[in-house]
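Report on one structure; see the data block that follows.
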Amino acid sequence: MTVWARILHKSFAGPVGYVDIGRTRKAHGFKIPSIPFDVRSPLHRLGLVLNLGCNRHSSFLQQASYSDGFNSSYHWLLFGVHNLNHSVSILNELNINIDAYLTLAVGRVEARDTYAMYDVYGSVKARGGKLTVDYLGDSTPTSGWPKAKRRRQNLQQIELRAVVSSMNQHQPSSIETYLSSAPGKPRTYNAPKYAYQLVEILQTKFNFRLKLVLASSWHLDVIGTNSSLGVIGQLQTKQVDFSLVPLALQTERMSIFDPTIEIARGKFFTLFRHPKYAMEGNIFLRPFQTIIWIVMPMLLVCSAALLSAIFIVQRTTAIRALPGALLIVLGVLAQQAVVLAGKMTFANSEKLLLLVLFACCMILLQFYSSFIIGYQLIETPKTINTMEQLIATGMPVSIENLTYNRDFFMRTKDPVAIDLYHRRILPNRQGFVNVSTGIALVRQGGHAFHCETTYGYTHVSETFTERQVCELHHVFLYPHRVTHIPMVKGSPLKELFKLQLQIVRESGVLAYHQHRYYATRPRCIKDSHQTEPVELFDVISAFVLLASGLLCSCFLLLAEVAFRRCSTRVELIEEFLQQRSITSLIVLHCVQEQVDQDVIRMAKTLRKSFPGTIYYTDISKLNFKQQFHRHMFYERYKTAITLNLECSGMDRVLEQLSANAYFNGTFHWLMFGGRNFEQAICLLSDQNINYDTSITLVFDGYAPENISRYEVYEVTGTVKRRGGRIHFELLGIVSSLEELPKRIAPTRGLDGIELRTTLTTANQHQPRPFIEKLNSVKRPKSYNAVSHSYQMVKLLQMKLKFKLIMILASDWRFDLIGQNSSQGVVGQLETKQVDFGITPFAMTVERVFRYDFTIEIARGTFYTVFRHPKSLNNNNIFLLPFETLLWIVIGLTFCGVAVIQTISIVCNPQTVPAQSRIDCLVDQSLLGTLGVLCQQGLHHRIILMSSNKILILVAMAFSMLLLQFYSTFIVGYQLITPPKTINTLEKLVDSNIKMAVENLSYQYDFFRRTKNPVALKLYETKILPNKYGFVNLTFGLQLVKRGGYAFHCETSYGNTLIIETFTEREICELQQVQLYPQRAVHLTMIKGSPLRELFKVNLQLVKERGLLAYHHSRNYIPQPKCNKQSNNHAEQIYLTDVRFAFLLLGAGMAASIAMLSWELAFERFQHWRGIRHQPPDGFVWLN
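Each residue of the sequence shown is one higher than the last, beginning at 1 in UniProt numbering.
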């Protein structure tokens, strides 16, 4: 030893320690004495040399074996005795594994300083591994240290144990089947399957058997304990050799297992669909800076104040002025015109203020709208790139339900992660969900989900659209962690597995399996033509603003309901009043009887809690009927009535209520039946309870000592007088801590009862049966509103399941309203012999108190139709081109021309013989002037003088210019269609058009009842004196076609005859005016009908589904359109247009004949006179 120490001191640079094992007597575990360097540092290699010839070598080796001293951290050199088997027998008892660096040197007897060198190692001693002694060769001072001949790769079929957890994904198959199954698209946690493929490669390479130990979960929470639960427990208690669940190496796990190499990266992302306007606040506030938003309300408030001051100056009260001003200012800001009732004139100051406001708000709106449009068109960048930004958006976050994630939040000290957990995960009821649910939440939008994306991306690619994939974004909750196949701490297989896994990795096999078991992120394929829709989230603030008041009201209501305690009958009544929104209450009681003694206490409580009117009526008194009827007469809106059916004399009370039809939709009944269910049912079954009845029947609970439980029934019927049955439907059982069950909207039918209806076709169905007319599909040519209404009734009949009996009436008989007659449709409805009328009525003042109406099913199109004359009130079309003043100027001008010509003739007698001077005056002055004016030329004799020539030349030029304007006007007047100026009833009365009315009793009733002075004047001046005052539809439209006649009729079927008989030009000439406003027509019910609301609701559904519009288009023909083509249309000239020309010609011809007659008479007179004064024959004048 001394010689060795001296030699090592010279040849070995490192420190050397010497231990005398013969002096070591302690029995505790192997302990290396203190050496002047850190022997546990991985930067050093520690070699140990021991001579097996020492006396206490066996004890020392056992202690080293117990402390796992034979591992890769220590390099052992043992000098054995000359007997190899003896040395091997000693080593067989030690814990020597495959990672042991142990060399046995056995001296050769035959050669000094020669040692037979053996490499000694095992497999895994704890799993029954055997010791292997490989001969390396001889070592001599000259040959040196022999090298190992083969690698340690054979584990000799030992059985290694591996723990695995599939998170119960393998059920119902076995874990072996699950791990070895062919991979599909990864949809759940499948890291063990990936690790199993790698371990199978190691198993083939290293020749070992594998035993799987199934764990329920990872159980990361048992780190640092002695528990053997889960994957962590199995590793830390060393009950297995390694794990098939890849784990990342973290600080708290370093003492639990040893890592191998990186086989994958845990890609835990927080996925979400990036909102378009993330981290940008309210989109509606972005167009303007904050200072503008501050200044704008201030200016608006100042404007409203100034406008209020103007209103006050105009003698408007301040209470009305300020709200009105605010309404106007806000309306101007929102570009919504606001007109105050009665505000027709404006002061100049008000006009100026409003003009400035309009201009300012219009300019602001242009910039605002331009910004919103541009902002919507531009694709915004994804600004949520960190977890802090995601938390700031307020988006709810869910976490994949893995113990790994729960352990992270339990151990993390990251303030961002802790903030996320407390603000976004704990308050979320979907804080921890599975991957499919989480990805579905992300797909809906507005939700983030933290998961392992290696299989989460499979759900994304299968369920997301291309647009949703492009919107997908992710942030990191923590950095990606490298995952390993974990080995137990101090495992002898660590370096062996690491080396082989590195080879698998470099050969590409690991990447191949990773591609099979790990999904990649789907690519975003953008379509350049895809439009970007506006989503609800983009404009959610507008809806929030609209719904804020409603939500506050709902929250208050919920708070009141939550803290409300209903334990007795008075609380139940209060809940009933609140639920039905009752404004007045009538309490029918029998306070003198034992069953109704709590009425006094109820009165005190209700007086404090109920703000409406309360009436108390004792049903046991004799004047009950009169008193109750008086209350019912005054209280008709939202009235509730309570009644205890246990009171005596209830048969009489209910009979009076039924006789007066008080069980209807106007009154809400709350009845208490006590505990006698059969008696209450029998009492109510005989009453007049119909479909619209609102009766809530309450029975006490089962236990006599506890009456805080109630059975609540809803009592309804169909139509009692038509044989309808009464139904009792259990709504629920309530206690003092529960609210009153709400009424369920009735969805039942009428149980096949038989309803009666009346109708009239105004005898238009003859000679066919009237049912054939009701079902006709041809274009209507006569009164057809009843056919449209009948189709609606057929839809109601199919929906509500009732039978129908139709009673045909001869006419409406509106003249019998209020006369208690049963004739006609009116009489049948008024005397309630039917349930409703198929013939639709309009709601008028005299009818509203006698019938009930449903909803508008059509609109009566009663119009007065006529062909509009072209030249209205213009008797002479030839005078239209020029104004009256211009005509006067033209006449005076040409009269002056004629006078000048006359003077010229008179002043020059030489040019004309004296005997023909009068003829020349007429010929040259009058006819010449008219010829120049009419562009018809003139005689040459009147232009002999230069003065006349100048005058005639100027007059010809002047007349030519006038004629251009005159002709242009006439041509334009013929080409341009003049406006239809008869557009009111007053103008029709003042025109020359005659009037006829369709011969329907509806029209007679209108003229009998109307107080409209224009309608009365029309009736007296145009209809009564006319022999065609009331005619049928066909003849009336023939009068219209002939022209000069107006015809008042129902155009919904009159348009059919117009289309079939009128030409296109006649259609274009048609004009319509209203004799009275068009009225909405309804399906009429008898007064107080229990079916009114039922029919209204179902007719509204028919209307919303488009069926009403479909049948309306079949039975109501619209006005035909004018198909005039302006390019090809030739406008004919009528005699009326040129009547003046013919009249002028006729007048001239008459004047000429008269002049001719006068001239003939004058000639004869002159001839006679000449003969009389003729001298006798032979008479000669002397001078």
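Built from N, CA and C at the ideal position, the CB exists for glycine as well.
Everything numeric in this text was worked out from a predicted model, so none of it was measured.
Problem set entry | Bridge-paired residues (DSSP) for D138 | Counting from one through the sequence shown, the residue named residue 138 turns up at place 138. Partner(s): A116.
Exercise. Which residues bound the alpha helix (DSSP H) around M843?
Worked result: Here residue 843 refers to the residue found at position 843 of the sequence shown. Note, M843: premise wrong, no alpha helix (DSSP H); not H, not E.
Problem set entry | Run of the beta strand (DSSP E) containing Q502, from where it starts to where it stops | Position 502 of the sequence shown, counted from the first residue, corresponds to residue 502. First-last for Q502: K494 to E506, but that is the alpha helix (DSSP H), not the beta strand (DSSP E).
Problem set entry | Sufficient close CB pairs (3 or more, under 8 angstroms) joining the region 419-432 to the region 463-475 | Between the region 419-432 and the region 463-475, the count of Cβ pairs shorter than 8 angstroms is below three; the stretches do not touch.
Problem set entry | Coil, strand or helix - M279 by DSSP | Counting from one through the sequence shown, the residue named residue 279 turns up at place 279. Because M279 sits at a pLDDT of 49, beneath the cut-off of 50, its placement in the model cannot be relied upon, and the point is left open.
For this session: Give every residue of the same chain whose Cβ lies closer than 8 angstroms to the Cβ of G446, excluding the five residues on either side of it in the sequence, and list them in chain order.
Result: Within the sequence shown, residue 446 is the residue found at index 446, counting from 1. The residues are R273, P275, M395, P396 and F537.
Exercise. Given that a residue counts as buried once 16 or more other Cβ atoms are within 10 Å of its Cβ, and exposed if not, what is A334?
Worked result: For the purposes of this step, residue 334 is taken as residue 334 along the sequence shown, with counting starting at 1. With fewer than 16 other Cβ atoms within 10 Å, it is exposed.
Exercise. In the region 967-1037, which residue ranges form an unbroken alpha helix (DSSP H) of at least 4 residues, counting only runs that do not cross its ends?
Worked result: Assignment of alpha helix (DSSP H) within the region 967-1037, counting only whole runs of 4 or more residues, yields 985-990, 1001-1009 and 1013-1018 in chain order.
Exercise. Starting from Q1071 and walking both ways along the beta strand (DSSP E), at which residues does that stretch end?
Worked result: Your numbering for residue 1071 matches position 1071 in the sequence shown. L1070 to V1073 is the extent of the beta strand (DSSP E) around Q1071.
Exercise. Which term fits W887, buried or exposed, when burial requires 16 or more other beta carbons within 10 angstroms of its beta carbon?
Worked result: As a position in the sequence shown, residue 887 is number 887, starting the count at 1. Exposed is the call here.
Exercise. When you compare each of G972, R756 and I96 to N71 by their alpha carbons, which one comes out closest?
Worked result: On the sequence shown, position 71 is the one that residue 71 refers to. The shortest C-alpha separation from N71 is found at I96.
Exercise. Excluding sequence positions up to five away, which residues of its chain have a Cβ less than 8 angstroms from the Cβ of I753?
Worked result: The residue you call residue 753 lines up with position 753 of the sequence shown. T718, V719, R722, G723, G724, F802 and K803.
Exercise. Taking the DSSP output, what are the residues bridged to residue 1199?
Worked result: What is shown of the chain runs 1 to 1183, which leaves residue 1199 out entirely.
Problem set entry | Where F624 falls: helix, strand or coil (DSSP) | Counted from its first residue, the sequence shown places residue 624 at position 624. Three-state DSSP puts F624 in a helix.
Exercise. Can you name, in chain order, every residue of its own chain whose Cβ lies under 7 angstroms from the Cβ of residue 1190, other than the five neighbours on each side?
Worked result: Residue 1190 lies beyond the residue range present for the chain, which begins at 1 and ends at 1183; the question has no answer from this structure.
For this session: Reducing DSSP to helix, strand and coil, say where W669 ends up.
Result: Stepping through the sequence shown from its first residue, residue 669 is reached at position 669. W669 falls in the strand class under three-state DSSP.
Problem set entry | Residue environment, S789, which counts as buried when at least 16 other CB atoms sit within 10 Å | Working through the sequence shown from its first residue, we reach residue 789 at position 789. Classification for S789: buried.
Problem set entry | Secondary structure of A562, DSSP reduced to three states | Looking up residue 562 in the sequence shown gives position 562. Interpretation of A562 is limited by its pLDDT of 46, a score under 50 that renders its predicted location unreliable; the figure taken from the coordinates is listed afterwards. In this structure, A562 counts as helix in the three-state DSSP scheme.
Exercise. First and last residue of the alpha helix (DSSP H) that includes D407?
Worked result: Taking the first residue of the sequence shown as position 1, residue 407 is located at position 407. Unbroken alpha helix (DSSP H) run through D407: T403 to R411.
Exercise. In terms of residue numbering, what span does the alpha helix (DSSP H) encompassing K382 cover?
Worked result: Taking the first residue of the sequence shown as 1, we reach residue 382 at position 382. Here K382 belongs to no alpha helix (DSSP H), and DSSP marks it neither H nor E.
Exercise. Under the three-state reduction of DSSP, which class applies to L684: helix, strand or coil?
Worked result: As a position in the sequence shown, residue 684 is number 684, starting the count at 1. Note: L684 maps to helix in three-state DSSP.
For this session: Could you name each continuous beta strand (DSSP E) segment of 3 residues or more that falls completely within the region 577-664, going from the start of the chain to the end?
Result: 584-589, 613-618 and 639-644
For this session: Decide if the region 1020-1037 is in contact with the region 1070-1090; the criterion is three or more beta carbon pairs, one per stretch, under 8 angstroms apart.
Result: As far as the Cβ criterion goes, the region 1020-1037 does not touch the region 1070-1090, which means the pair count is below three.
Problem set entry | Three-pair Cβ contact test at 8 angstroms for the region 636-646 versus the region 664-673 | yes
Exercise. Who does K803 pair with in a DSSP beta bridge?
Worked result: As a first step, residue 803 must be located in the sequence shown, where it is residue number 803. BP columns for K803 point to E754.
Problem set entry | Cβ neighbours of V599 in the same chain (closer than 6 angstroms, five flanking residues each side left out) | Here residue 599 refers to the residue found at position 599 when the sequence shown is read from its first residue. Result list for V599: H589 and V591, in chain order.
For this session: Assess, as a yes-or-no matter, whether the region 893-904 is touched by the region 856-865 under the definition of 3 or more beta carbon pairs within less than 8 angstroms.
Result: no
Exercise. Looking only at its own chain, which residues have a Cβ that is under 7 angstroms from the Cβ of H459, when we skip the five neighbours before and after it?
Worked result: Taking the sequence shown and counting its residues from 1, the one referred to as residue 459 is at position 459. If we look at H459 and ignore the five residues flanking it on each side, its Cβ neighbours are R187, V435, S436 and I439.
Exercise. Skipping 5 residues on each side, what residues in its chain have a beta carbon closer than 6 angstroms to that of Y18?
Worked result: Counting from 1 along the sequence shown, the entry for residue 18 is found at position 18. So no residue of the chain qualifies.
Problem set entry | Classification of K949 by the beta-carbon crowding that lies within 10 angstroms, buried from 16 upward | Counted from its first residue, the sequence shown places residue 949 at position 949. Label assigned to K949: exposed.
Exercise. Between C907, I903, V906 and F958, which lies nearest to L930 when the distance is taken from Cα to Cα?
Worked result: Counting from one through the sequence shown, the residue named residue 930 turns up at place 930. For the residues C907, I903, V906 and F958, the minimum Cα distance to L930 belongs to F958.
Exercise. Using 8 angstroms as the Cβ pair cut-off and three pairs as the minimum, do the region 476-493 and the region 134-151 touch?
Worked result: no
Exercise. Can you tell me the Cα-Cα spacing of I292 and M167, whole angstroms?
Worked result: Locating residue 292 in the sequence shown gives position 292, counting from the first residue. Locating residue 167 in the sequence shown gives position 167, counting from the first residue. Approximately 58 angstroms, taken between the alpha carbons.
Exercise. What residues in its chain sit with their C-beta under 6 angstroms from that of V587, if we drop five residues either side in the sequence?
Worked result: As a working mapping, residue 587 is identified with position 587 in the sequence shown. Beyond the five residues adjoining it in sequence on each side, V587 comes within less than 6 angstroms, by CB distance, of Y616 and T642 in the same chain, given in chain order.
Exercise. Can you give the Cα-Cα distance for R1164 and A1147, rounded to whole angstroms?
Worked result: On the sequence shown, position 1164 is the one that residue 1164 refers to. On the sequence shown, position 1147 is the one that residue 1147 refers to. The alpha-carbon atoms of R1164 and A1147 are separated by roughly 26 angstroms.
Exercise. Which residues in the same chain have their Cβ closer than 6 angstroms to the Cβ of K494, if we skip the five residues on either side of it in sequence?
Worked result: On the sequence shown, position 494 is the one that residue 494 refers to. The answer, listed in chain order, is D258 and M487.
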